[in-house]
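Taking our numbering, the leading residue of the sequence shown gets 808, the next gets one more, and so forth. Read the structure below first, then the notes.
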Amino acid sequence: MRIHFIAIGGAAMHNLALAVAGKKGYVVTGSDDEIFDPAYTHLKEAGLLPPQMGWFPERITPDIDAIILGMHAREDNPELVRARELGLKIYSFPEYLYEQTKDKIRIVVGGSHGKTTTTSMILYVLQRLGIEADYMVGAQIAGFERMVRLSDTAKYAVFEGDEYLTSPLDLRSKFLWYKPDYAILTGIAWDHINVFPTFPQYVDTFRQFVHTIGKTLVYYAGDENLCQLAQEAEGNIQCLPYKEYTGEVEMQVFGKHNMQNLQAACMICEQIGVKKEDFYREIATFTGASNRLEKICEIGNRVAYKDFAHSPSKLKATINAVREHYPDKQLIACMELHTFSSLMADFLPQYEGCMAEADKAFVYFNPKVIEHKRLTPISAEDVQKAFGTKNVEVYTDSPALQARLRELSYADTALLMMSSGTFDGIHINEFATELLS
């Protein structure tokens, strides 16, 4: 079986390539116009790094059994054009995952926030209990070699269900491909405004997802939109509401949002026969997923965390969790507007009050990124007005932000760095350690 990945360098794509390459008899090749670490190193170590960066349609030949197409590729990609001319079988990332697991019991975790952590909790407990599962999760989990696993032996498949677009050829949400037996929805908070320009359109893609569920939906009872979707679905599938865990188990993770994630993970594990007491025993040692409220250093009475938070709901939940966990510490929160939605002028008002719980708050964005994404320009004043609280300072120059952060006192402080990027070149772990030192 020969498989070629177009846009192999993505976080999920390169992990899928590694998983596929590990299957007996599979020959994997790939291409991309740019690949960064950790994907670059992972692919190089596995012998899958493309020999040259760029697109080479002459390498797309009739003996290729399948093309797997990543979102980074455009519809006019030269290799994709050639593959279509040859009539080759073309899969999107989620379509191929479904194809490889359609005979397994599938569990999918969806929602605007908490997907990665909840999926990680399920996988962590299953692994600790010796229950084999294939999976796809959006972050590295301690004790797991990769973010994707495909096997011929696992009974279960656990996927993080992303509502973003499937591929350049398929503009539906990725999670509509997975057709889960069991599903979790953690909440609906408007995101991806470039794809879902109105909130009702965003809610509707979750409605479509609910229609694909075979047996059971576990949903957060504190979300009125999820309650409405569950009410619509009741009778066709089992709908089970959850709130946050309030038990006595000693946990390594914290925050109300994580206690909600934990409760959802427990309930879905019960659906496949895991006893509640076994779940709580094993989850007690779960330290979280990479970049999801991840502690990066602790020096004396100073502590620093990093998080992937960038949407309003994630940003607010993460800041509030740290505030509740360290009520007596100074809380310094720094976030980067980096995603397409977060940099859109029409979406900025959604951030109102999101950083109010921090003592000092810093927001960074790069105007050149806005220009590159061909979005309407925004100013620091626009961002300041949108966030709407006096504790927020806005920066558009990374060195200036770094200089300002170096001026502060970090005695008895919790520092929180939040971005899906790097603040334009900051090595977040090293920088946070420097500040706390």
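C-beta atoms are modelled at their ideal positions from N, C-alpha and C, and glycine is treated no differently.
Alpha-carbon to alpha-carbon, residue j and residue i
{"i": "residue 1215", "j": "residue 1127", "result": "21 Å"}
{"i": "residue 891", "j": "residue 1074", "result": "44 Å"}
{"i": "residue 1136", "j": "residue 866", "result": "58 Å"}
{"i": "residue 839", "j": "residue 873", "result": "17 Å"}
{"i": "residue 821", "j": "residue 1197", "result": "42 Å"}
{"i": "residue 1286", "j": "residue 1058", "result": "Nothing about residue 1286 can be reported from this structure: the residues present for the chain run from 808 to 1244 only."}
{"i": "residue 979", "j": "residue 900", "result": "13 Å"}
{"i": "residue 1095", "j": "residue 895", "result": "40 Å"}
{"i": "residue 1177", "j": "residue 1045", "result": "44 Å"}
{"i": "residue 791", "j": "residue 909", "result": "In the structure as shown, the chain starts at 808 and stops at 1244, and residue 791 therefore has no counterpart that could be examined."}
{"i": "residue 889", "j": "residue 970", "result": "29 Å"}
{"i": "residue 1153", "j": "residue 870", "result": "48 Å"}
{"i": "residue 862", "j": "residue 1138", "result": "47 Å"}
{"i": "residue 1192", "j": "residue 930", "result": "41 Å"}
{"i": "residue 1189", "j": "residue 1042", "result": "47 Å"}
{"i": "residue 850", "j": "residue 815", "result": "9 Å"}
{"i": "residue 920", "j": "residue 1131", "result": "19 Å"}
{"i": "residue 1015", "j": "residue 983", "result": "7 Å"}
{"i": "residue 1167", "j": "residue 1200", "result": "8 Å"}
{"i": "residue 1120", "j": "residue 809", "result": "42 Å"}
{"i": "residue 1173", "j": "residue 1203", "result": "5 Å"}
Counted within 10 angstroms of its Cβ, other Cβ atoms place residue i as buried (16 or more) or exposed
{"i": "residue 1143", "result": "buried"}
{"i": "residue 1194", "result": "buried"}
{"i": "residue 1024", "result": "buried"}
{"i": "residue 884", "result": "buried"}
{"i": "residue 1093", "result": "buried"}
{"i": "residue 1169", "result": "buried"}
{"i": "residue 876", "result": "buried"}
{"i": "residue 1056", "result": "exposed"}
{"i": "residue 988", "result": "buried"}
{"i": "residue 845", "result": "exposed"}
{"i": "residue 1219", "result": "exposed"}
{"i": "residue 967", "result": "buried"}
{"i": "residue 1245", "result": "Nothing can be reported for residue 1245: it is not among the residues displayed for the chain, which extend from 808 to 1244."}
{"i": "residue 779", "result": "This structure cannot settle anything about residue 779, because the visible part of the chain is limited to 808 through 1244."}
Endpoints, the alpha helix (DSSP H) within which residue i is located
{"i": "residue 1048", "result": "Per DSSP, residue 1048 belongs to no alpha helix (DSSP H); it is in the beta strand (DSSP E), 1045-1049."}
{"i": "residue 1238", "result": "1235-1243"}
{"i": "residue 903", "result": "900-908"}
{"i": "residue 1124", "result": "1119-1132"}
{"i": "residue 1177", "result": "1174-1179"}
{"i": "residue 999", "result": "Taken as a continuous stretch (DSSP letters only), residue 999 belongs to no alpha helix (DSSP H), as it is neither H nor E."}
{"i": "residue 1230", "result": "Taken as a continuous stretch (DSSP letters only), residue 1230 belongs to no alpha helix (DSSP H), as it is neither H nor E."}
{"i": "residue 1205", "result": "1205-1214"}
{"i": "residue 990", "result": "Note, residue 990: premise wrong, no alpha helix (DSSP H); beta strand (DSSP E) at 989-992."}
{"i": "residue 1011", "result": "1006-1018"}
{"i": "residue 1069", "result": "1063-1078"}
Opposing strand residues paired with residue i [DSSP bridges]
{"i": "residue 1137", "result": "1220"}
{"i": "residue 943", "result": "955, 966"}
{"i": "residue 1105", "result": "1110"}
{"i": "residue 810", "result": "835, 873"}
{"i": "residue 891", "result": "None; residue 891 has no bridge partner."}
{"i": "residue 1041", "result": "1044"}
Residues near residue i by beta carbon distance below 7 Å, same chain, minus five either side
{"i": "residue 1226", "result": "1117, 1142, 1143, 1145"}
{"i": "residue 936", "result": "1081, 1085, 1089"}
{"i": "residue 768", "result": "No statement about residue 768 is possible, as the shown extent of the chain runs from 808 to 1244 and does not include it."}
{"i": "residue 828", "result": "835, 853, 855"}
First and last residue of the uninterrupted beta strand (DSSP E) at residue i
{"i": "residue 920", "result": "First-last for residue 920: undefined, no H or E at that position."}
{"i": "residue 1099", "result": "Taken as a continuous stretch (DSSP letters only), residue 1099 belongs to no beta strand (DSSP E), as it is neither H nor E."}
{"i": "residue 1145", "result": "Looking at the DSSP string, residue 1145 is not in any beta strand (DSSP E), and its letter there is neither H nor E."}
{"i": "residue 1200", "result": "1199-1202"}
{"i": "residue 879", "result": "Run containing residue 879: none; DSSP gives neither H nor E here."}
{"i": "residue 1169", "result": "1167-1171"}
{"i": "residue 1024", "result": "1023-1027"}
{"i": "residue 1189", "result": "It is not in any beta strand (DSSP E) - residue 1189 instead sits in the alpha helix (DSSP H) that spans 1187-1194."}
{"i": "residue 973", "result": "972-974"}
{"i": "residue 979", "result": "977-980"}
Sequence-distant residues of its chain with Cβ nearer than 8 Å to residue i (five each side left out)
{"i": "residue 1111", "result": "1102, 1103, 1104, 1105, 1221, 1222, 1223, 1224, 1239, 1240, 1242, 1243"}
{"i": "residue 1027", "result": "918, 992, 993, 994, 1033, 1048, 1049, 1050, 1067, 1071"}
Same chain only: Cβ atoms within 6 Å of residue i, ignoring 5 sequence neighbours per side
{"i": "residue 1071", "result": "925, 991, 1025, 1049"}
{"i": "residue 1009", "result": "997, 1003"}
{"i": "residue 1060", "result": "1095"}
{"i": "residue 964", "result": "908, 911, 913, 941"}
{"i": "residue 1158", "result": "1119, 1193, 1194"}
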